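Line order of the protein sequences matches chains A and B. With the first letter of the first sequence counted as 1, position 274 gets the number 274 in UniProt numbering; the numbers rise by one all the way through. With the first letter of the second sequence counted as 1, position 462 gets the number 462 in UniProt numbering; the numbers rise by one all the way through. Beta carbons: idealized from backbone N, C-alpha and C, even for Gly. Because the structure is a prediction, the values reported are computed rather than measured. A short worksheet on the structure shown next.
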Amino acid sequence: MPNFIDRRLNPKDRSLGNRQRFLKRVHDELKRSIRDQVRSDKIADVDAAHGVPVPKRGADEPSFRNASNSGERHHVLPGNETFSAGDRIGKPDAGGGQGAGRGAGRGEGDDDFLFILSRDEVLDLFFEDLELPDMVKLNLKETVTYKPHRVGFTTAGTPSNINVGRTMRNSFGRRIALRRPSEKEYQAVADEIAALENEPSLSQPQRRRLAALREELEALERRRKRIAYVDPVDVRFNRFERLPLPNANAVMFCLMDVSASMGEREKDLAKRFFVLLHLFLKRRYERIDIVFIRHTDEAHEVDEETFFFSKQSGGTVVSTALEEMQRIILDRYPSNIWNIYAAQASDGDNATGDSERCAALLRDELMKLCQYYAYVEIIDERESEIFGATDNGTSLWRSYRKVDGAVPNFQMTRIARPADIYPVFRKLFARHKAVQLSR
Amino acid sequence: MAKRPPSSLLFNGSEWSFATLSRAYEAIEEIAVGEMGLDVYPNQIEIISSEQMLDAYSSIGMPLMYQHWSFGKRFVFESHFYRKGRRGLAYELVINSNPCITYLMEENTMPMQALVTAHAAFGHNHFFKNNYLFRQWTDAGAILGYMDFAKKYITKCEERHGIAAVEEILDSAHALMDQGVFHYRRPPRLSPAKVTERARERLEYEEQTYSDLWRTLPTAVGSAGIEEAEKEALERKKVLNLPEENLLYFLEKHSLILEPWQREILRIVRVIAQYFYPQGQTKVMNEGCATFVHYTIINRLFDQGRMSEGAMLELLASHANVVFQPGFDDPRFSGINPYALGFAMMQDIERICTKPTAEDKDWFPDIAGNGDSMGTLIDAWENHRDESFVLQYLSPALIRKFRLFHLSDLATDRFCEVASIHDERGYSAVRAALARNYDPSTHRPDIQVVDVDLLGDRQLRLRHRIRNGVLLDEAERDRTLAHIRRLWGYGVSLAGVDSATDKVLYECSSAQA
């Protein structure tokens with residue numbers, strides 16, 4: 001009869017730790033390849049599981065191996081149909097190699113190998129070291145997170161929380177109070193009995209002594225049985241109390257220009273930027289409010305669906321969006337409780353004279369309420385070459401430039417092609433951002 | 001067949017339970033031990049799920065293994081191929097230990113479980129216990145204990161010295177795993193308790209004898225100091241016992257910079273490499289033996305009426321898949337299938353023993369027609385490895401059946417030449433060439449430590465004996481040298497010397513790498 005063991009209930013993720021180590025090791029490479037992929041693909045793709053080629057760098061295991069392109073080899077192969085001794089067979093051109101003699105390689109077939117990262121892993125890599133700056137206003141109004149804290153002891157709980165020290169102290173006290181015979185006492189009597197029993201012949205008093213001792217031993221044993229070493233009443237558990245954690249309330253305003261001057265390309269870029277922002281916020285800050293505002297010559301607060309998918313067109317008055325934002329802040333997000341962020345995307349076209357008004361609004365009103373304001377201008381690819389890093393540009397850009405100089409927590413940048421989006425996004429939300437953007 | 005009472009069947013249908021498993025086990029044991037005369041370690045059979053099988057795969061089949069990212073990489077690969085359906089999982093996994101642990105997959109049908117039990121718990125098990133290589137080179141009784149020690153030791157090192165530091169050493173040690181085996185000198189047996197004890201003692205001794213004073217001594221100046229150093233160097237060179245083929249062993253013992261715990265880690269990697277050394281040399285025999293055993297046993301069970309025709313059909317289909325050998329020009333071809341070759345050779349031996357032809361009598365005068373096929377096989381299993389087994393037992397009949405041909409391939413030529421085929425003139429040559437291919441020493445680069453310049457720059461000199469002009473892959477070579485440098489602490493150089501002409505073909509050092 002063999003020893004059958006059912007291991008199916010054993011933990012099955014024994015390799016998980018190793019997988020994590022592997023991920024950590026190739027972390028930088030993975031990050032790079034995911035970003036490259038997302039840059040070339042649709043941004044929304046980031047929100048899914050990804051196949052990533054396993055990076056060669058950092059994960060190779062070198063060893064002394066024979067090079068395949070030198071020396072003399074001998075193969076023995078099965079299935080000869082037509083050859084006879086002395087026949088010559090042309091080799092396939094370099095690279096292919098002979099079918100035989102290859103199987104030994106350890107990393108066989110790793111060329112087409114994709115390694116599937118889960119959606120969470122992708123997003124973590126993607127948004128690593130990004131955060132909303134300056135999230136300082138904390139309050140307890142709407143607590144959702146709790147953290148357990150040790151507070152004293154309790155008589156009920158799970159075995160993993162048993163406080164051994166406290167339990168044993170109680171047990172010790174109870175044993176003393178109830179006079180439970182100690183191991184030593186018990187052993188002393190037992191030893192004496194054994195000694196007496198070993199005597200070849202016992203005198204009368206010795207025999208009496210033995211009887212008395214036996215009785216005593218029995219009494220001790222009974223007592224020990226009655227008074228447990230550790231009784232349920234001794235057991236103490238660590239007690240935990242859930243303390244609410246102060247929670248940061250944050251709201252992000254997404255302002256997008258959808259006026260006629262924004263062509264398909266511009267709108268597409270702006271939307272991609274906001275998709276990324278949306279994903280980032282959802283991933284990093286579970287409890288964040290997002291307000292979508294889009295504007296032509298008038299601004300409306302819209303829902304997510306409309307913001308990303310519906311089409312609208314018209315003239316351009318940027319300040320309407322800022323006014324709408326201000327109205328909403330006053331209405332729903334008192335700035336003493338809420339951390340307020342805003343991101344605005346536009347092509348920079350604006351009604352004459354309105355740009356100055358926007359700048360004034362921002363400088364005098366909004367920036368006092370906001371933690372951080374990012375302006376993204378969508379420009380033509382040719383324009384990006386002309387403007388480069390200069391202050392020149394659209395009227396809105398020039399006006400905002402002045403705000404940029406005056407207020408530290410204001411950032412502005414330009415996007416000309418899809419590939420710019422991610423770097424710009426990183427610049428805007430990089431952790432410990434100290435340098436002002438120049439672009 | 002239909003007249004037989006159904007109660008004689010060991011099992012019915014494809015569902016298995018522990019009751020049917022042990023009924024089948026007993027029936028198989030009766031045949032394997034009673035009729036075939038196999039001699040096995042006690043069996044321990046464990047049922048695992050497919051995820052656990054993947055886990056086991058990635059830690060090179062050991063039930064206990066230390067943690068390292070490379071196992072995670074392997075796991076990612078395996079699970080990828082498995083999920084894509086490109087590669088099925090093995091039905092079983094067997095560990096050369098005492099008791100012999102066999103893993104059965106829970107997904108297997110009952111007939112498969114029976115087949116796998118016969119294959120692994122008796123076929124492989126018999127081979128592990130009796131083959132001379134395994135008996136000489138591995139210690140089945142101690143391996144599980146040793147792995148337990150290794151795992152705990154490395155975990156402790158990680159706690160003490162940090163994961164990164166341990167990982168560095170393991171990376172370097174893994175790079176030299178193939179060069180960490182004694183091929184000629186047999187390693188001493190280890191008992192895990194003794195090993196732990198020794199590691200502890202070694203460490204304690206170092207700690208006790210450590211004196212900070214030594215560090216403060218001024219470095220030797222003047223001729224007296226040099227003389228002293230010279231004498232010491234000579235002494236040390238004698239101790240180094242060069243040349244040394246086992247690079248890991250050499251570095252473990254003589255590295256100039258490693259700490260005691262780092263040496264112990266090298267030792268662990270070396271011991272594991274040594275443990276797997278026989279497996280690489282006996283693939284054909286090991287799989288052939290197991291396949292032959294399961295084939296014989298299931299046929300016997302069927303003849304006894306203890307297995308239904310349906311179950312038999314399922315098993316034959318599976319068996320046929322396992323021993324399928326596509327021709328060299330088939331897209332499915334990926335080298336000679338060790339199951340196919342091993343099984344065919346063993347069946348062939350059985351045929352030669354019982355029904356020899358005139359040709360067999362010429363080629364195998366000592367076994368042809370001796371009538372004792374099982375005895376002949378058991379003797380072959382015990383005393384051969386792949387290379388000698390092929391050289392000894394590959395018959396012309398089988399060469400014809402496989403239509404084997406020998407192709408010589410010179411890298412500089414634009415063509416390969418068919419050196420010999422399955423004809424009267426070719427049999428011996430094909431057989432010898434195939435046997436040579438199964439000798440691991442023909443494929444393993446022969447790299448040895450030949451000198452250490454202890455007086456000068458402490459450079460470690462390695463020599464690669466180049467056979468048949470086969471060079472090393474340069475990128476890999478340079479990276480491996482960097483790993484050796486890390487373990488040695490000073491420069492390392494490697495010279496490639498042609499074994500036929502003694503001409504130096506290349507030279508490189510870790511500085512260039």
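Rounded straight-line distance, which links the Cα of residue j to that of residue i
i: Phe-153/A; j: Ser-171/A; result: 15 Å
i: Arg-180/A; j: Ala-156/A; result: 25 Å
i: Ala-419/A; j: Ser-318/B; result: 53 Å
i: residue 536/B; j: Val-492/B; result: In the structure as shown, chain B begins at 1 and stops at 513. Residue 536/B is therefore absent and cannot be evaluated.
i: Asp-171/B; j: Leu-366/A; result: 56 Å
i: Asp-251/A; j: Leu-276/A; result: Going by the sequence as given, residue 251/A is Val instead of Asp. One C-alpha to the other measures close to 16 Å.
i: Arg-175/A; j: Tyr-229/A; result: 7 Å
i: Arg-351/B; j: Arg-461/B; result: 53 Å
i: Ile-268/B; j: Ala-56/B; result: 19 Å
i: Ile-447/B; j: Arg-65/A; result: 11 Å
i: Glu-382/B; j: Val-450/B; result: 36 Å
i: Glu-207/B; j: Arg-198/B; result: 14 Å
i: Ile-415/A; j: Val-424/A; result: 7 Å
i: Tyr-339/B; j: Tyr-153/B; result: 37 Å
i: Cys-358/A; j: Thr-320/A; result: 9 Å
i: Ser-84/A; j: Val-470/B; result: 27 Å
i: residue 514/B; j: Glu-92/B; result: The structure shown has nothing for residue 514/B, since chain B only spans 1 to 513.
i: Ile-378/A; j: Arg-401/A; result: 15 Å
i: Gly-180/B; j: Lys-24/A; result: 28 Å
i: Ala-270/A; j: Ile-340/A; result: 21 Å
i: Lys-314/B; j: His-406/B; result: Position check: residue 314/B holds Glu in this sequence, whereas Lys was assumed. Near 36 Å, if we compare the C-alpha coordinates of His-406/B and Glu-314/B.
i: Gly-496/B; j: Val-26/A; result: 33 Å
DSSP three-state assignment for residue i, whether helix, strand or coil
i: Thr-394/A; result: coil
i: residue 442/A; result: It is not possible to answer for residue 442/A, since the shown part of chain A is limited to 1 through 439.
i: Lys-427/A; result: helix
i: Met-367/A; result: helix
i: Asn-244/A; result: Here residue 244/A is Pro; the residue named in the question, Asn, does not match the sequence. Residue state, collapsed to three classes: strand.
i: Leu-117/A; result: strand
i: Phe-237/A; result: strand
i: Val-189/A; result: helix
i: Leu-437/A; result: Note that Leu-437/A scores 38 on pLDDT, short of 50, meaning its location in the model is unreliable and no value can be drawn from it.
Residue burial classification, residue i (beta-carbon count within 10 angstroms, cutoff 16)
i: Gln-20/A; result: exposed
i: Tyr-373/A; result: buried
i: Gly-314/A; result: exposed
i: Gly-426/B; result: buried
i: His-183/B; result: exposed
i: His-149/A; result: exposed
i: Asn-69/A; result: exposed
i: Ile-421/A; result: buried
i: Asn-336/A; result: exposed
i: Glu-46/B; result: buried
i: Trp-16/B; result: buried
Enclosing beta strand (DSSP E) for residue i [first to last residue]
i: Thr-102/B; result: 100–105
i: Val-376/A; result: 372–378
i: Gly-310/B; result: From DSSP, Gly-310/B is part of no beta strand (DSSP E) but of the alpha helix (DSSP H) over 309–322.
i: Ser-346/A; result: 339–346
i: Thr-413/A; result: 410–415
i: Tyr-506/B; result: 504–509
i: Arg-88/A; result: 88–90
The alpha helix (DSSP H) enclosing residue i, as first and last residue numbers
i: His-294/B; result: 283–303
i: Val-164/A; result: 164–177
i: Val-430/B; result: 427–437
i: Phe-149/B; result: 143–161
i: Met-256/A; result: Where Met-256/A is concerned, there is no enclosing alpha helix (DSSP H), although the beta strand (DSSP E) it sits in stretches over 250–257.
i: Ile-28/B; result: 18–29
Quick one: which unbroken beta strand (DSSP E) runs of 3-plus residues sit fully inside the stretch 274–325 of chain A? Chain order, please.
288–295, 299–302
Which runs of the alpha helix (DSSP H), 4 residues or longer, sit entirely within the stretch 42–87 of chain B?
50–58, 69–83
Could you name each continuous beta strand (DSSP E) segment of 3 residues or more that falls completely within the stretch 371–452 of chain B, going from the start of the chain to the end?
405–410, 415–420, 446–452
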